[in-house]
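K.L.:
Residue numbers (this note's numbering): 38 to 668.
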């Protein structure tokens, strides 16, 4: 715990909005709110336990520090004591928790290389690890036996030799922002992010502040530090102005042309954290700067007139852009031998759109859609098996009938389809699908990914207190989900548990960045279901059939301690997984984890989306909404 000052006081900072009451206890009169980040000085002798919480008295009244079991934490030490020690994080991210031990609620990450200060009096041995308290919460330094070490004393590291730099010039220099750039609290990629500077912003920097760090040249200005450029010249963010008008974008001198074979984002800079601009759709072609090739975040990026887009993943797991010269020509249906009539067949699209491509392959250029219920006539001799699907040629191109495993089906015999009960297509309102009209409502899942009795803690979708606190603390993990929680979490901090799919579908891919250490992606009709934070991923090949009992991996113990389940509809919207679970399972989860202020954020100005099912449909990488959005 934090050390006590000679004056008998302690200083806390509010980790989230928390009440001030007239007396200790949940029934005491509410006086006001402490805002997230607000500091209070408390009487160190006033510690009181009441109604399952630890309370402290300060000038404005009484406030709860935490629950007695440490599951919920509202106040953390604002200042560090004279015994402060400094650490540097190693090569892997380190989890930050609200309390020491694997039972402490996860609240964020310390990224590799981060230097941070910890309370020297806080060293705690628990769950086989040594834990330290710092400004963000608690983190494990190492295992008790020293077999695993996550961060080291900064003083223990040999100082890096000072780089020889030329004598700095005096005075100031002027720059203009040529592509969006961060303002950081210190030079270097680990410097705290303060805000973004938009393109065309003019800056005056301290000419003596030039610093090289993490492969970039940095300058200090009135708001903090910003990168001018990468040392190798591959990225440029600031340029000296050449006139009164805005700085032009770097010219595209040498051009390469790519065909877009899968939907891909345009971003303002190369990298997964760069601001998204819009989508490029299959069937388009773009010209890129042939000298702009950049590798970042596991992808190859190219600059074009609208921004930056990824060509492909470095590990070959995804391809978005292809050189048109490498695309095989469209394969016309073979002409039948003279005198022999083709055995034509008629298909009808089911209750979802079906892509039309120029060749029978997933990399084929997207030409258009077959709408739900639309009929086509295919050439009987054109049946082709490729990429795990059965394809047929028709007058507009090629479309997939079904997956080879039969787990997914898109085209039906009209007679068979006529015997199926009609399923209304989804309805839209203001561009968003109405949840109650979506297919597979209540029955996408037939069982949970881990048994209910093995689910010891839980996080709801949407307006989630955990996601709110992450955003308030500066983390942008949920930027892709408009600042809200993009899925539900099944948690267990006591044992490793096998994770099953719980649904029928087709395996798409395994990824190792968004939902580290492993995310397993499964396609089920119009839905992409992501199972995140898994250990021991199953060796599944793309196109493999997935059943409810398919084991995808293991709930990680001692790391993430939960599986994140996320559902993306048509890869454009993120929907509440609870809506797609059988009613009995949904009701059991809500009964086991009663909703309330522990899960759903609300304050005096924000009272929307505070129940499990009353949550919005999220736009993938859409604008910020919820309590952090401008009101």
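Even glycine gets a Cβ: it sits at the ideal position worked out from N, Cα and C.
Taking only runs that begin and end inside the stretch 382–444, name each unbroken beta strand (DSSP E) of 3 or more residues, in chain order.
P.N.:
Taking only runs of at least 3 residues, the beta strand (DSSP E) segments lying wholly in the stretch 382–444 are 382–386, 391–394, 403–407, 412–415, 421–423, 426–431, 434–440.
K.L.:
Taking 7 angstroms as the limit between beta carbons, can you name the residues of its chain near residue 481, skipping five residues before and five after?
P.N.:
Counting only Cβ-Cβ distances below 7 angstroms, and skipping sequence neighbours, we find 540, 561, 564, 617.
K.L.:
Tell whether a beta-carbon distance below 8 angstroms holds between residue 99 and residue 58.
P.N.:
Taking 8 angstroms as the Cβ cut-off, residue 99 and residue 58 qualify as a contacting pair.
K.L.:
Does the separation of the CB atoms of residue 487 and residue 525 fall below 8 angstroms?
P.N.:
Their beta carbons are not under 8 angstroms apart, which means residue 487 does not touch residue 525 by this criterion.
K.L.:
On the criterion of 16 or more Cβ atoms from any shown chain inside 10 Å, does residue 237 qualify as buried, or is it exposed?
P.N.:
When all chains shown are included, residue 237 counts as exposed.
K.L.:
Measuring only the C-alpha atoms, how far is residue 469 from residue 516?
P.N.:
C-alpha separation (whole angstroms): 18 angstroms.
K.L.:
Let's test the definition: count the other Cβ atoms within 10 Å of the Cβ of residue 324 and tell me whether it reaches 16, buried, or not, exposed.
P.N.:
Its Cβ having fewer than 16 others within 10 Å, residue 324 is exposed.
K.L.:
Excluding the 5 residues preceding and the 5 following residue 19 in the sequence, name in chain order all residues of the same chain whose CB lies nearer than 6 angstroms to its CB.
P.N.:
In the structure displayed, the chain extends from 38 to 668; residue 19 sits before or after that span and is not available.
K.L.:
By DSSP's criteria, residue 527 is part of a beta bridge. Which residues make up the other side?
P.N.:
DSSP, once it has assigned bridges, lists 495, 600 as partnering residue 527.
K.L.:
Please indicate yes or no: does the CB of residue 257 lie closer than 7 angstroms to some heavy atom of the ligand PLP?
P.N.:
Ligands displayed in this structure: none; no statement on the ligand PLP is therefore possible.
K.L.:
By a C-beta neighbour count over all protein chains shown, 10 Å radius and 16 as the cutoff for buried, is residue 549 buried or exposed?
P.N.:
So residue 549 counts as exposed.
K.L.:
Could you say if the stretch 167–184 and the stretch 240–247 meet the contact criterion of at least three C-beta pairs nearer than 8 angstroms?
P.N.:
Result no; under three Cβ-Cβ pairs closer than 8 angstroms.
K.L.:
By DSSP, does residue 646 sit in helix, in strand, or in coil?
P.N.:
Coil, per DSSP.
K.L.:
By how many angstroms is the C-alpha of residue 80 removed from the C-alpha of residue 159?
P.N.:
Each residue's alpha carbon lies about 19 angstroms from the other.
K.L.:
Note down, in chain order, each residue of its chain lying with its Cβ closer than 7 angstroms to the Cβ of residue 652, except the 5 sequence neighbours on either side.
P.N.:
Cβ within range, chain order: 498, 499, 500, 613, 646.
K.L.:
Grab me the residues of residue 427's own chain with a C-beta within less than 6 angstroms of its C-beta, minus the 5 sequence neighbours each way, in chain order.
P.N.:
So the list reads 438, 439, once near-sequence residues are dropped.
K.L.:
Thinking C-alpha only, which one of 445, 413, 353 is nearest residue 400?
P.N.:
The residue with the shortest Cα to Cα distance from residue 400 is 353.
K.L.:
Can you tell me whether residue 332 is helix, strand or coil according to DSSP?
P.N.:
It is a strand residue.
K.L.:
Let me check understanding here. Comparing Cα to Cα, which of 84, 111, 78, 48 lies closest to residue 56?
P.N.:
Comparing Cα-Cα distances from residue 56 to each of 84, 111, 78, 48, the minimum goes to 111.
K.L.:
Taking the alpha carbon of residue 621 as the reference point, which residue from 310, 484, 631, 309 has its own alpha carbon closest?
P.N.:
Among 310, 484, 631, 309, the Cα nearest to that of residue 621 is on 484.
K.L.:
Enumerate in chain order the residues of its own chain whose CB-to-CB distance from residue 640 is below 8 angstroms, with the five nearest sequence positions on each side excluded.
P.N.:
The residues are 54, 70, 664.
K.L.:
Exposed or buried, which one is residue 637 when buried takes at least 16 other CB atoms within 10 Å?
P.N.:
So residue 637 counts as buried.
K.L.:
How about residue 496 and residue 662: are their beta carbons less than 8 angstroms apart?
P.N.:
No, the Cβ-Cβ distance between residue 496 and residue 662 is not below 8 angstroms.
K.L.:
Please go through the same chain and pick out, in chain order, the residues whose beta-carbon is closer than 8 angstroms to the beta-carbon of residue 631, but skip the five residues on each side of it.
P.N.:
Once the five neighbours on either side are set aside, residue 631 has no close Cβ partner at all.
K.L.:
Rounded to whole angstroms, what is the Cα-Cα separation between residue 465 and residue 477?
P.N.:
Whole-angstrom Cα-Cα distance: 16 angstroms.
K.L.:
Quick one: what's residue 104 bridged to in DSSP?
P.N.:
In the DSSP output, where bridge partners are listed per residue, residue 104 has 90.
K.L.:
Can the beta-carbon of residue 600 be found closer than 8 angstroms to that of residue 569?
P.N.:
Taking 8 angstroms as the Cβ cut-off, residue 600 and residue 569 qualify as a contacting pair.
K.L.:
Over what stretch of residues does the beta strand (DSSP E) that includes residue 126 continue unbroken?
P.N.:
Unbroken beta strand (DSSP E) run through residue 126: 122–126.
K.L.:
Buried or exposed for residue 528, going by 16 or more other Cβ atoms inside 10 Å?
P.N.:
Buried is the call here.
K.L.:
Mapping the DSSP letters down to three states, classify residue 516 as helix, strand or coil.
P.N.:
In the structure shown, residue 516 sits in a helix (DSSP, three-state: H, G or I).
K.L.:
Would you decide whether residue 49 is buried or exposed? Buried here means 16 or more other CB atoms lie within 10 Å of its CB.
P.N.:
Burial call: buried.
K.L.:
Tell me which same chain residues have a C-beta within less than 6 angstroms of the C-beta of residue 261, skipping the five on either side of it?
P.N.:
Correct list, in chain order: 220, 221, 222, 231.
K.L.:
What are the boundary residues of the alpha helix (DSSP H) that residue 625 is part of?
P.N.:
First-last of the alpha helix (DSSP H) with residue 625: 620–629.
K.L.:
From residue 226 to residue 251, what distance separates their C-alpha atoms?
P.N.:
Computed Cα separation, rounded: 6 angstroms.
K.L.:
Look up residue 548 in the DSSP assignment and say whether it is helix, strand or coil.
P.N.:
Of the three classes helix, strand and coil, the one that applies to residue 548 here is strand, per DSSP.
K.L.:
Going by alpha carbons, who is nearest to residue 625 out of 508, 492, 558, 667?
P.N.:
Cα-wise, what sits closest to residue 625 is 492.
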